[in-house]
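In the working numbering, the protein residues as written are 3 to 431. Glycine included, C-beta positions come from ideal geometry on N, C-alpha and C.
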């Protein structure tokens with residue numbers, strides 16, 4: 003049937019399972035908004051006060067739901083207002099599709115009113131971006147963008163659509179085109195065997211889990227892995243919630259804002275198993291003195307992260323959920339009583355500081371918020387010292403319940419992310 007480009011776009015969003023988009027309208031996307039209005043029984047639009055806010059809301063929605071967040075902005079300044087939100091999603095590996103309007107195709111490249119090369123601007127902060135200059139390419143582009151955003155190391159993808167494309171008619175049958183599911187690269191058996199050998203031979207292993215665990219929904223596999231190895235574990239800021247903070251072998255957050263016991267353990271372990279962590283500067287601090295007695299076993303979906311910041315003795319590249327499941331099949335339950343006893347001594351000697359009842363300061367406020375919500379709240383933070391306090395004093399038990407700007411450190415992230423998370427999780431605090 004004949005449909006406008008805008009109707010094709012909205013139809014493709016619905017085919018991708020999108021039920022919510024965030025955005026702010028403008029002249030270059032008016033036809034898209036008309037199409038959204040016609041399909042509001044299938045897809046709802048959340049209006050924000052600013053495009054950056056919309057991007058953070060789409061980000062928070064993606065973090066809470068595990069789905070791809072969608073944000074829409076008009077051309078020119080509307081598009082550039084998305085840049086910080088897109089960069090934030092890129093740094094934290096959050097799946098997002100950003101849809102921007104632009105001037106009509108004949109006006110591109112002529113310094114037209116509200117024209118900007120948003121594809122060029124966002125090239126370093128997206129997995130890929132598209133400029134749709136022919137309505138015949140629109141459906142394929144949309145489906146490809148969603149596949150790319152949600153496969154491999156997840157991240158944002160941008161689709162720039164000139165205004166005339168959204169009002170051009172084209173024959174399209176909903177459901178006629180779908181992008182083939184991305185197939186994960188098989189994990190190397192040889193790499194897995196060597197990793198299993200290193201784990202079984204280690205005397206003092208430690209697990210460092212990052213945001214990749216949550217992105218891959220691999221918490222169950224990580225929990226089984228920890229149970230088999232008996233290894234104490236730390237979480238990065240982005241990994242908060244990957245395993246329960248109430249676990250007896252939890253060492254606290256690692257790094258320059260982390261716990262003393264995690265620093266002691268990483269200094270004394272003989273094998274550091276990094277799962278879904280990119281070894282950011284706030285984790286390793288000084289790479290020359292980080293984990294001085296340990297071999298590094300790095301498990302990550304992105305080969306580019308291997309040996310980038312820390313030299314690994316061995317690595318396994320692939321989907322972290324598949325890697326952990328494969329290792330679990332190769333391992334038997336291990337007992338290291340001396341190492342376990344030493345770590346427990348440190349945990350008891352250096353427990354997390356708890357604010358006293360008489361104290362009135364930010365840490366106490368955060369602890370009180372946890373007590374009031376009984377630990378069941380979805381938590382978002384802004385950026386600053388309170389971000390660190392939240393990670394230290396608000397115990398998190400489940401994945402996809404703690405949302406913070408870990409890589410870019412974006413002030414203004416928290417409120418938008420809270421709105422997106424609330425939309426994704428109706429009924430939750």
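Count the other CB atoms, across all protein chains shown, that sit within 10 Å of the CB of residue i; report buried if there are 16 or more and exposed otherwise.
i	result
residue 90	buried
residue 363	exposed
residue 199	exposed
residue 175	exposed
residue 317	buried
residue 3	exposed
residue 206	buried
residue 125	exposed
residue 315	exposed
residue 302	buried
residue 504	Since the displayed the chain opens at 3 and closes at 431, residue 504 lies outside it and no answer follows.
residue 374	exposed
residue 51	exposed
residue 156	buried
residue 249	exposed
residue 53	buried
residue 337	exposed
residue 192	exposed
residue 351	exposed
residue 365	buried
residue 404	buried
residue 431	exposed
residue 390	buried
residue 19	exposed
residue 213	buried
Pop quiz: residue i and residue j are said to be a contact at Cβ under 8 Å. What is the actual Cβ separation, rounded to whole angstroms?
i	j	result
residue 211	residue 244	5 Å
residue 415	residue 385	7 Å
residue 204	residue 272	5 Å
residue 383	residue 406	4 Å
I'd like to know whether the C-beta atoms of residue i and residue j end up nearer to each other than 7 Å.
i	j	result
residue 322	residue 379	no
residue 60	residue 98	yes
residue 41	residue 12	yes
residue 77	residue 121	no
residue 444	residue 33	Because the chain is modelled from 3 through 431, residue 444 falls outside the range shown and cannot be assessed.
residue 187	residue 327	no
residue 166	residue 106	yes
residue 84	residue 66	no
residue 48	residue 21	no
residue 479	residue 171	The requested residue 479 does not occur in the structure, where the chain is confined to residues 3 to 431.
residue 395	residue 368	yes
residue 287	residue 258	yes
residue 96	residue 147	no
residue 312	residue 298	yes
residue 419	residue 68	no
residue 118	residue 81	yes
residue 128	residue 134	no
residue 252	residue 330	no
residue 151	residue 70	yes
residue 398	residue 242	yes
residue 194	residue 335	no
residue 158	residue 88	yes
Report all residues from its chain with a CB closer than 7 Å to the CB of residue i; omit the five preceding and five following residues, and keep chain order.
i	result
residue 221	215, 244, 245 and 401
residue 305	319
residue 412	86, 90 and 385
residue 114	105
residue 225	245
residue 35	27
Using only the heavy atoms of the ligand FMN, determine whether one of them is closer than 6 Å to the beta carbon of residue i.
i	result
residue 400	Looking for the ligand FMN in the displayed structure turns up nothing, as the structure carries no ligands at all.
Under 6 Å Cβ to Cβ from residue i, same chain only, skipping five residues before and after it: list those, please.
i	result
residue 116	77 and 78
residue 164	104, 106 and 107
residue 409	93 and 94
residue 284	257 and 258
residue 264	236, 253, 254 and 256
Counting only the same chain and skipping the five closest in sequence on each side, list residues whose C-beta sits under 8 Å from that of residue i.
i	result
residue 307	280, 281 and 300
residue 268	208, 210, 236, 256, 274, 292, 293 and 296
residue 15	23, 45, 72 and 144
residue 138	172
- Message: So within the stretch 160-243, which uninterrupted beta strand (DSSP E) runs reach at least 3 residues, ignoring any that extend past its ends?
- Response: 171-173, 207-211 and 235-237
- Item | Contained alpha helix (DSSP H) runs [length at least 4] in the stretch 55-120, N- to C-terminal order | 79-82 and 85-93
- Message: In chain order, what are the residue ranges of uninterrupted alpha helix (DSSP H) at least 4 long that sit wholly in the stretch 243-276?
- Response: 262-270
- Message: Report the start-end ranges of each beta strand (DSSP E) in the stretch 309-349 that is 3 residues or longer and not cut off at the edges.
- Response: 316-319
- Enumerate, from N- to C-terminal direction, the unbroken alpha helix (DSSP H) stretches of 4 or more residues contained entirely within the stretch 363-413. 364-375 and 387-395
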